[in-house]
Structure formats: C-alpha cells, structure tokens
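Novice: Take a look at the following structure, please.
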Amino acid sequence: MENQQTAPVLSTKDWVVTLLISFIPLVGLIMLFVWAFGSSENPNKSNWAKAILIWYAIGSVFAIILWVTVFAAIMSSYQNY
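Be aware that the sequence shown starts at 2, since it is given in my numbering, and climbs by one per residue.
Spelled out as structure tokens, the structure:
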C-alpha cells in the first residue's frame with residue numbers, strides 16, 4: 002500500500018482570509034504566486050492558487066482576443082470613410 006501524505010485541513014476562517022487577500026488588487030495576484038509556488042504552503046491552498054492562476058491566464062487570453070477583434074472591427078469601419 003502506498004504511503005499517503007496528509008495535509009492539515011484548512012478551516013473556514015483560513016479560507017475566508019485567503020479569499021479576502023486574493024481579492025485585493027495586485028497584492029492578491031502576488032499572493033497567488035506565493036501560495037502556488039511556495040514550498041511551505043498547505044498543498045490544498047497551493048493547488049487552489051495554481052488553479053486560480055490557470056483561470057486568470059485563460060481569461061487574459063480571451064480578453065486579449067476580444068480586444069483585438071473589437072479593435073480590428075473598429076479600424077475596418079474607419080477604412081470605409
């Protein structure tokens with residue numbers, strides 16, 4: 002049988018504080034990187050932070066595609082004048 006490592010369970014208070022910190026602009030983004038890639042963090046919090054960073058990356062790509070599309074549409078409408 003495999004030896005499974007268990008991490009301490011994060012309490013509701015821990016999650017509320019974690020979410021509150023992650024909602025602060027710029028500080029939250031920096032803390033997500035610290036939680037995701039820090040070696041001393043709870044594995045549950047680390048995995049959560051990695052998942053949030055992945056969603057941020059996906060959202061950023063979609064936002065860039067949207068802005069490029071809108072900008073191209075606006076520029077093409079100006080060429081008609």
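Glycine residues also receive a C-beta, built at the ideal position from the N, C-alpha and C atoms.
Among VAL62, ALA37, SER41, ILE25, whose alpha-carbon lies nearest the alpha-carbon of ALA52?
Specialist: When each option's Cα is compared against that of ALA52, the closest is ALA37.
Novice: Taking DSSP as the reference, what is the three-state secondary structure of ILE25?
Specialist: In the structure shown, ILE25 sits in coil (DSSP, three-state: anything other than H, G, I, E or B).
Novice: Consult DSSP for PRO44 and reduce its assignment to one of helix, strand or coil.
Specialist: Three-state result, PRO44: helix.
Novice: Going by C-alpha to C-alpha distance, which of ILE75, GLN80, VAL10 sits closest to GLU42?
Specialist: Looking at the Cα atoms, VAL10 is the closest of the given residues.
Novice: Take the Cβ of ALA50 as the centre, count every other Cβ of all protein chains shown within 10 Å, and call the residue buried at 16 or more, exposed below.
Specialist: Buried is the call here.
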